[in-house]
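Note that our numbering has the sequence shown beginning at 6, numbered continuously upward.
What follows is a set of notes on a single structure, which appears directly below.
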Amino acid sequence: MFLLCSSAASARVLVCTSILTFAGCAQLPSAPAVNSGVPTAAAVAQTEVFAPVNNPQDPTWRAVTIRFKTPTEYSLSAQHGTACIRAKAEGAWSFLVADVPAAFVTATQLAWRWVVPALIADADNEVAGKDDAPARVVVVFKGDRTKLDASERATMSMAKALGGVEMPYAAIQYIWAGKAAVERVIPNANTSRIKKLVVSSGSAGLNEWQSFDRNVRADFRLAFPGEEPGEIESVGLMTDTDSLGGTAEACYADVRMR
6 MFLLCSSAAS ARVLVCTSIL TFAGCAQLPS APAVNSGVPT AAAVAQTEVF APVNNPQDPT
66 WRAVTIRFKT PTEYSLSAQH GTACIRAKAE GAWSFLVADV PAAFVTATQL AWRWVVPALI
126 ADADNEVAGK DDAPARVVVV FKGDRTKLDA SERATMSMAK ALGGVEMPYA AIQYIWAGKA
186 AVERVIPNAN TSRIKKLVVS SGSAGLNEWQ SFDRNVRADF RLAFPGEEPG EIESVGLMTD
246 TDSLGGTAEA CYADVRMR
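Here's what the structure looks like:
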């Protein structure tokens with residue numbers, strides 16, 4: 006588990022975030038009735054693919070919240086005929102995590118789909134205090150924390166003490182950026198151990214399902230030059246608006262690791 010960073014001065018909480026935002030008035034359309042009897046994780050899982058179910062109530066998923074933060078709401082929904090995990094944040098921060106089974110900790114590829122209705126007008130992924138995101142998918146890597154410098158270890162200790170959530174050894178956040186170019190790697194304002202990698206940018210593709218298939222190990226080497234990726238700990242979904250206090254929505258589906 007981990008903290009995604011945005012600094013909140015009022016609570017003095019470190020929370021490491023990536024970024025993107027919605028214009029508060031835009032919303033995903035109301036979800037039609039969805040059959041909640043979707044297959045269990047055990048039924049979906051295959052020998053060669055880790056496939057968390059498109060349902061936040063499935064035991065594969067767990068919510069991670071932080072002290073002093075209103076949690077993002079994650080619910081079962083459907084968009085354009087696809088069952089999905091709907092996220093809605095109203096001045097909120099939390100994320101949904103699936104721990105990666107032992108058979109997939111050395112996986113190479115991560116695929117997923119998302120749909121976003123709008124960007125947050127004032128968000129800027131490269132500016133502290135404007136670091137909100139309507140959609141992100143996060144991969145957390147394990148590693149030897151004793152090899153990190155003293156300042157990084159101190160940041161991790163402070164974040165855990167204040168926020169109650171342990172920061173990752175290393176993490177990549179795949180984000181939909183409002184301004185930054187696709188494939189740009191954006192450093193986190195508070196720690197060098199979390200990097201944001203832009204996979205969508207601007208208004209192109211809003212309100213449409215977008216599909217991705219990333220080589221997470223190649224992306225790790227891009228984000229952390231000179232380092233080799235360790236085992237994968239978890240994959241997470243996150244929509245947050247705690248920095249600017251607005252409203253954001255997204256739907257996520259078909260997370261696949263192989």
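All C-beta atoms, glycine included, are put in the ideal place defined by N, C-alpha and C.
Open item on the list: Bridge partners for residue 243 per DSSP, in chain order?
Closed with: 100, 141, per the DSSP bridge assignment.
Task: According to DSSP, residues forming a beta bridge with residue 263 - done: In the DSSP output, where bridge partners are listed per residue, residue 263 has none listed.
- [ ] Please name the residue in 160, 62, 228, 170 whose C-alpha comes closest to that of residue 74.
- [x] 170
Open item on the list: Any contact between the region 172–189 and the region 118–136? By contact I mean 3 or more CB pairs, one from each, below 8 Å.
Closed with: yes
- [ ] Assess, as a yes-or-no matter, whether the region 103–115 is touched by the region 156–172 under the definition of 3 or more beta carbon pairs within less than 8 Å.
- [x] Counting Cβ pairs under 8 Å, fewer than three are found: no touch.
Open item on the list: Using C-beta distances below 8 Å, list every residue in its chain close to residue 218, excluding the 5 sequence neighbours before and after it, in chain order.
Closed with: Contacts found: 114, 115, 116.
Task: For residue 260 and residue 214, the rounded distance between their alpha carbons - done: Looking at the two C-alpha atoms, the distance is approximately 13 Å.
Task: Endpoints, the alpha helix (DSSP H) within which residue 162 is located - done: 155–168
Task: Beta-carbon proximity list for residue 112, same chain, < 8 Å, skipping 5 on both sides - done: Excluding positions up to five away in sequence, the list reads 55, 105, 221, 237, 262, 263.
TODO: Apply the 10 Å Cβ neighbour rule to residue 151 and answer buried if 16 or more other Cβ atoms are within range, or exposed otherwise.
DONE: By the 16-neighbour rule on beta-carbons within 10 angstroms, residue 151 is exposed.
- [ ] With a floor of 4 residues, list each alpha helix (DSSP H) that falls wholly inside the region 169–241, ordered by position along the chain.
- [x] As far as the region 169–241 is concerned, its whole alpha helix (DSSP H) runs of at least 4 residues are 221–228.
Task: Proximal residues to residue 157 (C-beta, below 7 Å), its chain only, five neighbours per side dropped - done: 196, 197, 198
Open item on the list: At the level of alpha carbons, what is the spacing between residue 243 and residue 99?
Closed with: 7 Å
- [ ] With a 10 Å radius around its C-beta and 16 neighbouring C-beta atoms as the bar for buried, classify residue 154 as buried or exposed.
- [x] Residue 154 comes out exposed.
Open item on the list: Suppose contacts are defined by Cβ-Cβ distances below 8 Å. Is residue 1 in contact with residue 176 by that definition?
Closed with: The chain is shown only over 6 to 263; residue 1 falls outside these bounds and no answer can be derived.
Open item on the list: Taking the straight line between their C-alpha atoms, what separation do you get for residue 249 and residue 57?
Closed with: Inter-residue distance for residue 249 and residue 57 is about 31 Å (C-alpha atoms, whole angstroms).
Open item on the list: Quick check on residue 112: does DSSP put it in helix, strand or coil?
Closed with: For residue 112, the three-state secondary structure derived from DSSP is coil.
- [ ] Would you mind reading off the limits of the beta strand (DSSP E) that contains residue 92?
- [x] 87–95
- [ ] To the nearest angstrom, report how far apart residue 37 and residue 232 are at their CA atoms.
- [x] Annotation note: pLDDT 40 at residue 37 (below 50); position unreliable, no value reported.
- [ ] Give the straight-line distance between the Cα atoms of residue 202 and residue 210, rounded to the nearest whole angstrom.
- [x] 18 Å
Task: Coil, strand or helix - residue 253 by DSSP - done: strand
Task: residue 67 (DSSP reduced to helix, strand or coil) - done: In the three-state scheme derived from DSSP, where H, G and I count as helix and E and B as strand, residue 67 is classed as strand.
Open item on the list: For a test of the three-state rule: what should DSSP assign to residue 133, helix, strand or coil?
Closed with: coil
- [ ] Sort 172, 193, 216, 118 by Cα distance to residue 135 and report the nearest one.
- [x] 193
Task: Contacts around residue 23, its chain only, beta-carbon distance under 6 Å, and the 5 residues preceding and following it disregarded - done: Note that residue 23 has pLDDT 34, beneath the 50 cutoff, so the model's placement of it is unreliable and the number below is only indicative. Result list for residue 23: 138, 141, 178, 180, 201, in chain order.
Open item on the list: Assuming residue 79 and residue 68 are in contact, meaning their beta carbons sit under 8 Å apart, how far apart are those beta carbons, in whole angstroms?
Closed with: 7 Å
TODO: With DSSP collapsed to three states, give me the class of residue 77.
DONE: Coil.
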